[in-house]
Amino acid sequence: MERRSSHPWPAEDDICIKAARQLKAVAISRGLMRPSLGCDIFIHKSIPHGAGLGGGSSDAATCLKGLQELWQISLSNTELAELGLGLGADVPFFLRTGPALVTGIGETLRRLVPKARHFVVAVPRVEVATARIFQDKNLRRNNPALGEDAIEAALEQSVWTLGHNDLCEVAFELFPELRIDLELLVRAAGLQGLPPEAARMSGSGSSLFCSCESQAQAERIMQWLVSQPASSQRFRGMRAVQAYL
Numbered sequence: 010m011e012r013r014s015s016h017p018w019p020a021e022d023d024i025c026i027k028a029a030r031q032l033k034a035v036a037i038s039r040g041l042m043r044p045s046l047g048c049d050i051f052i053h054k055s056i057p058h059g060a061g062l063g064g065g066s067s068d069a070a071t072c073l074k075g076l077q078e079l080w081q082i083s084l085s086n087t088e089l090a091e092l093g094l095g096l097g098a099d100v101p102f103f104l105r106t107g108p109a110l111v112t113g114i115g116e117t118l119r120r121l122v123p124k125a126r127h128f129v130v131a132v133p134r135v136e137v138a139t140a141r142i143f144q145d146k147n148l149r150r151n152n153p154a155l156g157e158d159a160i161e162a163a164l165e166q167s168v169w170t171l172g173h174n175d176l177c178e179v180a181f182e183l184f185p186e187l188r189i190d191l192e193l194l195v196r197a198a199g200l201q202g203l204p205p206e207a208a209r210m211s212g213s214g215s216s217l218f219c220s221c222e223s224q225a226q227a228e229r230i231m232q233w234l235v236s237q238p239a240s241s242q243r244f245r246g247m248r249a250v251q252a253y254l
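Sequence positions in the sequence shown follow the numbering used here and run 10 to 254.
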């Protein structure tokens, strides 16, 4: 196997190489492929590193699905998800399509069809290491789970405001500039009549997002953010996106 990428970390540490090697090992052990088969992996990352957008996990999931087809390996979706879970808790989610409620350590997924489909995504310049957030002693791990009734009600709303990101307080403590960035996004949302809860941090950070009523509203929020002084110094990028269900 050979990996080609513009990123500096060693191939042995790349989650795509790990995914390919684990898939090959499982397939060989079950007599599903010849040991002589290999692959060249080309990685062009469009999702920023350290942004809390699941870039590495989605790369691993894509690698597993692509190599399963390339090597003509017959694994069920459940078997592939179990393999993905060993690579990262988010990998099984990216093996599926569309929004989902993920529980446990990533192994239980329930597909969701929310009416909230328009978002602004802003990526601050700071990079956040997921492991650093989860290893922090101040991270609260006993917050109550969202109730089923609350989730069902939220699915019917055009703007998603349910829940709270338990990781954000730790991230804000370690990277105070993220709090300022989120306050800026909350202000932009408020100018469009959206509640503060519509804006929050994605995953372990650093990315922020805001749920919007329409694509036009998302574009207006993004344009306001871009117009602010030092916007280019605060953010690596911004995009108004629509979820495809």
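Every residue gets a Cβ at the ideal spot worked out from N, C-alpha and C, and that includes glycine.
Computed from a predicted model, the values in this text were never measured in an experiment.
Check                                                                                                                                                      : Outcome
For a quick check, are the C-beta atoms of P204 and W169 less than 8 angstroms apart?                                                                      : no
Take the Cβ of P133 as the centre, count every other Cβ of all protein chains shown within 10 Å, and call the residue buried at 16 or more, exposed below. : buried
Per DSSP, what kind of secondary structure is F184 in: helix, strand or coil?                                                                              : coil
Between which two residues does the beta strand (DSSP E) holding M247 run?                                                                                 : 244 to 251
Could you tell me whether the stretch 104 to 121 touches the stretch 236 to 244, where touching means 3 or more Cβ pairs closer than 8 angstroms?          : no
Nearest by alpha-carbon distance to P36: which of L164, L96, A159, L84 is it?                                                                              : The amino acid occupying residue 36 in the given sequence is Ala; Pro does not appear at that position. Residue L84 is the option with its Cα nearest to A36.
Quick check: the Cα distance between E11 and G65, rounded to an integer number of angstroms?                                                               : 18 angstroms
What separation, rounded to the nearest whole angstrom, lies between the Cα atoms of A180 and L187?                                                        : 8 angstroms
Could you tell me the boundaries of the beta strand (DSSP E) in which V129 lies?                                                                           : 127 to 133
Excluding the 5 residues flanking G93 on each side, which residues of the same chain have their C-beta closer than 7 angstroms to its C-beta?              : A69, A70, L73, V100, P101, L104
Ignore the nearest five residues each way along the sequence and tell me which others in E228's own chain have a CB closer than 8 angstroms to its CB.     : A249
Need the endpoints of the alpha helix (DSSP H) that A28 sits in, please.                                                                                   : 24 to 38
For L171, report the span of its beta strand (DSSP E) as first-last.                                                                                       : No beta strand (DSSP E) contains L171, which DSSP labels as neither H nor E.
Determine the DSSP secondary structure at A98, reduced to helix, strand or coil.                                                                           : coil
DSSP three-state call for M10: helix, strand or coil?                                                                                                      : coil
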